[in-house]
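Each residue of the sequence shown is one higher than the one before, starting from 15 at the first, in our numbering. See structure below.
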Amino acid sequence: MPSSPVPIRQGRGEQLRRARAAAQLLRTVLPAVTQLRIELTFKDGSSTVPAAQAHVLYPPAPAFFTYRCPRSDCDGELELANAVRDAMLREDHTATGSLPCRGIRPGEGGAKHPCEVWLTYTISASVNDVT
15 MPSSPVPIRQ GRGEQLRRAR AAAQLLRTVL PAVTQLRIEL TFKDGSSTVP AAQAHVLYPP
75 APAFFTYRCP RSDCDGELEL ANAVRDAMLR EDHTATGSLP CRGIRPGEGG AKHPCEVWLT
135 YTISASVNDV T
């Protein structure tokens, strides 16, 4: 009998919660940032596209940039730490891009197949002028 994706997803969700709780604060990792906005949109081949998300982080928030795939039956995660770093290196403190979910979803008859969700992100940071 095939295993259910629910326990796997719940276990990964708990791991993400622990990692978020252990993450350093944004004010420590990116001291000049007064606000970090992360906008996520998704697409895949289905007729029910996952809803867009927006996350606004302030200095006391954890500097944690891993998000679960929006598909409830997928075990994938979307890592944006490099994209945040890229935004901070740019003069305008923004970054845009896209990446695939590398998770696995159950299919017919217990078969597993790759998730087809693609994430498009926009990251923008407001920073203090530090001279």
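Built from N, CA and C at the ideal position, the CB exists for glycine as well.
Going by C-alpha to C-alpha distance, which of P74, V63 and T108 sits closest to C129?
V63
Give every residue of the same chain whose Cβ lies closer than 8 Å to the Cβ of A68, excluding the five residues on either side of it in the sequence, and list them in chain order.
R51, I52, E53 and L54
Count the other CB atoms, across all protein chains shown, that sit within 10 Å of the CB of R59; report buried if there are 16 or more and exposed otherwise.
Per the sequence presented here, residue 59 reads as Gly, with Arg not at that position. Exposed.
Could you check what DSSP says for Q67 in three-state terms: helix, strand or coil?
strand
Determine the burial state of V47: buried for a count of at least 16 other Cβ atoms within 10 Å of its Cβ, exposed for fewer.
buried
List the DSSP bridge partners of T48.
BP columns for T48 are empty, so no partner.
Note the first and the last residue of the continuous alpha helix (DSSP H) segment covering A139.
No alpha helix (DSSP H) holds A139; the beta strand (DSSP E) holding it covers W132 to V141.
Whole beta strand (DSSP E) elements within the segment 95 to 128, 3-residue minimum:
108 to 114, 118 to 120 and 126 to 128
Locate the beta strand (DSSP E) running through R82, then write down its first and last residues.
T80 to R82
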